[in-house]
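Notes for the one structure printed next.
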Amino acid sequence: MKKTGWLIYNRESSIINEGFITWFIEEATKLNIELRLLIKEDLSYGVLNHKLFIFHKGVTLEKPDFVISRNNDPLLSKQLEALQIRVYNTAFTSDICNHKGKTHQFLANKDIPMLDTLFINRDEFEPNYLPFPYPVVVKDVTGRGGNEVFAATSVEELETLLRKVQAKELIIQRMGDVPGRDVRVFVVGKTIIAAILRYSDDDFRANFSLGGKARLYELSREQMALVHKVLDQFEDEFGFVGIDFLFAKDGSFIFNEIEDVAGSRTLYAHSNVNIVKLYLEHVLKSLA
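For the record, in the sequence shown the residue sitting at position 45 is 45 according to full-length UniProt numbering, with numbers rising by one throughout.
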């Protein structure tokens, strides 16, 4: 029986990711899935006549079997779930993983190595009380792709930086031991699909979108065990995520973040993995 799904992007991202969207729809057709692209700005949702609703261009659509949300909006995902629609990734995943502070708070105290991290509101923070030494990295809690990530080497630099950044909610972290290198682990469900080493010779950020380089990376047994330990903290399986790790001096992994709406340009540029097919096959299996 044919399954139906919605693929949700905001308008700007739908233009940037046109090729990825086409890939989704083509693979869905091969798997007997009717997948429809919906633009976030065309959706309205809330409470009407005491009941939850969601409209597309002012009209109620027939509920799909599932939604793949490529939009960082936990509230929308929660609305869809409340309307008895399966969402990938879940609203819980979206809420936790699209806020760097919440991610670290959730995974702390679980024997998962991570950098010393301070959760702050820019307007309610005293830089002189930083509980770890400089240099530090300052991140917008909702930033993606290495954007809104800055370094400071002194309290004076930090004060100047905090006056310039737009975001109010931030995390401040001790600079990692090996700047400019990280590994993204691509996961579908609870299965590790592949890992990509990202590196930069002239920037403490290794993001591919910022000019960093990338190549396939073979995980050690210990590194794979740590990835699975992270996965085990989430009661519901992921749909598709990227889990990023930094390196300690001894080469072991240090957890960095989880990308709910994971970009996969590095994966298809450096491997033959059909991540979209694997993702959709996982969706079908979980719906069965």
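Every residue gets a Cβ at the ideal spot worked out from N, C-alpha and C, and that includes glycine.
Distance from residue 21 to residue 37 at the Cβ level is roughly 6 Å; contact confirmed, criterion being Cβ atoms closer than 8 Å.
Per DSSP, the continuous beta strand (DSSP E) segment holding residue 45 begins and ends at 43 to 48. Judged by DSSP in its simplified three-state form, residue 72 adopts coil rather than helix or strand. Within the same chain, 183, 215 and 217 come within 6 Å of residue 197 by CB-CB distance, once the 5 residues on both sides are set aside. Contact check between the region 11 to 25 and the region 78 to 97: fewer than three CB pairs, one atom from each, fall below 8 Å, which does not count as touching. Non-local beta-carbon contacts of residue 63 in its own chain, meaning distances under 8 Å to residues more than five positions away in sequence, involve 83, 84 and 85 in chain order. Taking the CA atoms as reference points, residue 133 sits about 27 Å from residue 230. Straight through space, the alpha carbons of residue 164 and residue 115 are spaced by roughly 24 Å. By the C-beta density criterion, residue 73 is buried, having at least 16 other C-beta atoms within 10 angstroms. With a beta-carbon spacing of about 5 Å, residue 135 and residue 153 fall inside the 8 Å limit used to define contacts.
Restricting attention to 2, 40, 189 and 273, the CA atom closest to the CA of residue 33 is found in 2. Assignment of residue 166 by DSSP, reduced to helix, strand and coil, places it in the coil class. It is roughly 7 Å from the alpha-carbon of residue 44 to the alpha-carbon of residue 58.
Excluding sequence positions up to five before and after residue 5, its CB lies within less than 8 Å of the CB of 28, 33, 34, 35, 36, 64, 65, 66, 67, 68 and 283, all in the same chain and listed in chain order. Annotated three-state conformation of residue 190 is coil, per DSSP. In the three-state reduction of the DSSP assignment, residue 175 falls in the coil class. Taking every protein chain shown into account, the CB of residue 103 has 16 or more other CB atoms within 10 angstroms, so this residue is buried. Beta bridge pairing from DSSP links residue 257 with 244.
One Cα belongs to residue 124, the other to residue 160, and the distance between them is close to 15 Å. Judged by DSSP in its simplified three-state form, residue 128 adopts helix.
Between residue 278 and residue 188 the beta-carbon gap is near 5 Å, inside 8 Å, which marks them as a contact.
Between residue 141 and residue 149, the CB-CB gap reaches or exceeds 8 Å.
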